[in-house]
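Chains as they are written, first to last, in this note's numbering: chain A, 1 to 201; chain B, 202 to 402.
Number of protein chains: 2
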Amino acid sequence: MLHHSILETLPRELQKDALESIQVMRLPPGKILFRAGEHCHGLPLMLSGGVKVQMTGISGNSIVLYRMGADDICTLSIGCLMTGYGYRAEAIVEDESEAAMIPRGLFDRLMDQSAAFRLGIMESYGRRLDDLMLLVEEVAFRRMDERLEEWLNLRRSPIHITHQELAVELGTAREVVSRLLKELERKGRVRLSRGRIDLIE
Amino acid sequence: MLHHSILETLPRELQKDALESIQVMRLPPGKILFRAGEHCHGLPLMLSGGVKVQMTGISGNSIVLYRMGADDICTLSIGCLMTGYGYRAEAIVEDESEAAMIPRGLFDRLMDQSAAFRLGIMESYGRRLDDLMLLVEEVAFRRMDERLEEWLNLRRSPIHITHQELAVELGTAREVVSRLLKELERKGRVRLSRGRIDLIE
DNA sequence: GTGCCAGTGTGACTTTATCACTGAACTGAG
DNA sequence: CTCAGTTCAGTGATAAAGTCACACTGGCAC
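This is the structure we're talking about:
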């Protein structure tokens, strides 16, 4: 079902209009929502599921910048939509998701006619900037073993992920993750197996 | 003089209105435009000069996130303005600057009534997200010696800066900067003196 | 001058990144 | 099932970067 809180805020008539011209996309896990360099043809509103946004540097290394979940707005798309530049990052569907595509014309109309819609967009932008600022600090100054433990503790055991994927989450090298995990296993905090991490206690 | 391209785009009548309720601030070097935790009472438009935005992590380390110059918009303020949260970063005036303060009410009105104003705001947001994404990649993956040289080569010799300040620019430790600079001096690329770096050639 | 202090230099050590390689675990074809 | 190919994980060696501790020094205030 098409349900997103930013659409709820619209006046009844505008909402009706909107619901007609919006198409809902079903996104299976692994699907690429957009790639680096691609152009943007609409603003995706996340209805359900989960999508990660990551970027690959010139060095070839990648890092996950943030995630989008139900009721999020793909803020990154707005910039591409307005300036016509291509995406700098890529978005990969993690959990079975649904997203509503708002075409450029409708976006302009909603921005023009609804203060609540504008507020939603601005808030979303603000949160995203905040996320990225925190990430910069994290990457620049925090210790990798702390960040790894924190990341693990935010999940529910067992965690299905390869060391390489975990390295991309943290923006480091696979070997570093392997060594730190091995250290945690020695301390009895985790149990390791291929593509899987079990948290202990 | 109050001149900012986003104001130029306004329809004549709105522009007249705007110019009346906007107050211009003179900002001497060293002045703090806003501090972390402070609340925001308007959107600053940069008319001239230069301001750096930096953030201090829990660790106490700081890093420069980006700079604002003439004709820029302090995008970071919009989020604070709309959500009411405090700033996460601080803004420090570097060169003698002027900024126009757009109060909340006027901002809302401009967003409501001018598509060009909205476009300007969105573009500014997009650029800022882009900047931060590039910074994340830079901090996570690039070598410090390269980043240092690049930073130096973007300035005009002599550069008046302490090693500590340069460390904040790059998000690293003072000792690292000192050692890398010493290495550059040994290679004959720079000449070092207290609070000053001369580029050679 | 003398004392003070921000700024700088450097050794010792830890943490993280990179490179190179090994072996183990899974997959699919036959 | 067996074998070959591929992905994933472990690890040593080495280099780069971060941390801690402390010595030195240039310039300003008195």
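Where a beta carbon is used, it is the ideal one built from N, C-alpha and C, also for glycine.
Helix, strand or coil at residue i according to DSSP, with G and I counted as helix
i               : result
H39 of chain A  : coil
I233 of chain B : strand
T56 of chain A  : strand
Y326 of chain B : helix
A167 of chain A : helix
E201 of chain A : coil
G306 of chain B : helix
A18 of chain A  : helix
I207 of chain B : helix
I362 of chain B : coil
A422 of chain B : With chain B represented from 202 up to 402, any question about residue 422 of chain B goes unanswered, as that position is not in the structure.
A374 of chain B : coil
A100 of chain A : strand
M46 of chain A  : strand
R26 of chain A  : strand
A444 of chain B : Past the edges of chain B, shown from 202 to 402, lies residue 444 of chain B, and the structure says nothing about it.
R390 of chain B : coil
V154 of chain A : Looking at the sequence itself, residue 154 of chain A is Leu, so the reference to Val does not match. The answer is coil: DSSP assigns L154 of chain A none of H, G, I, E or B.
Min CB distance residue i to chain A below 8 Å
i               : result
G313 of chain B : Here residue 313 of chain B is Asp; the residue named in the question, Gly, does not match the sequence. Yes, because at least one Cβ of chain A sits closer than 8 Å to the Cβ of D313 of chain B.
R329 of chain B : yes
G389 of chain B : no
N354 of chain B : no
D345 of chain B : Reading off the sequence, residue 345 of chain B comes out as Met, not Asp. So, not an interface residue.
Y288 of chain B : no
I264 of chain B : yes
G238 of chain B : no
I279 of chain B : yes
E214 of chain B : no
V337 of chain B : yes
G270 of chain B : no
G306 of chain B : no
Sequence-distant residues of the same chain with beta carbon closer than 6 Å to residue i, five excluded per side
i               : result
T210 of chain B : A317
R375 of chain B : H364, Q365, A368
G42 of chain A  : M101, I102, P103
S124 of chain A : I73, T75
S21 of chain A  : L106
Own chain, CB closer than 7 Å to residue i, minus 5 neighbours either side, in chain order
i               : result
V139 of chain A : G171
H3 of chain A   : L47
Neighbour flag for residue i against chain B, beta carbons, 8 Å
i               : result
I159 of chain A : no
A140 of chain A : yes
T83 of chain A  : yes
G57 of chain A  : yes
A116 of chain A : no
L7 of chain A   : no
M101 of chain A : no
Check: residue i C-beta below 7 Å from any heavy atom of the ligand GTP
i              : result
T83 of chain A : The ligand GTP is not part of the structure shown, which contains no ligands of any sort.
Assumed close pair residue i, residue j - CB separation to whole angstroms, cut-off 8 Å
i              : j              : result
M25 of chain A : E98 of chain A : 7 Å
Cβ neighbours of residue i in the same chain (closer than 8 Å, five flanking residues each side left out)
i               : result
R329 of chain B : Y267, T276, L277
| Members of the region 226-251 of chain B that neighbour chain A once the beta carbon cut-off is set at 8 Å | Of all residues in the region 226-251 of chain B, none has a Cβ within less than 8 Å of some Cβ in chain A.
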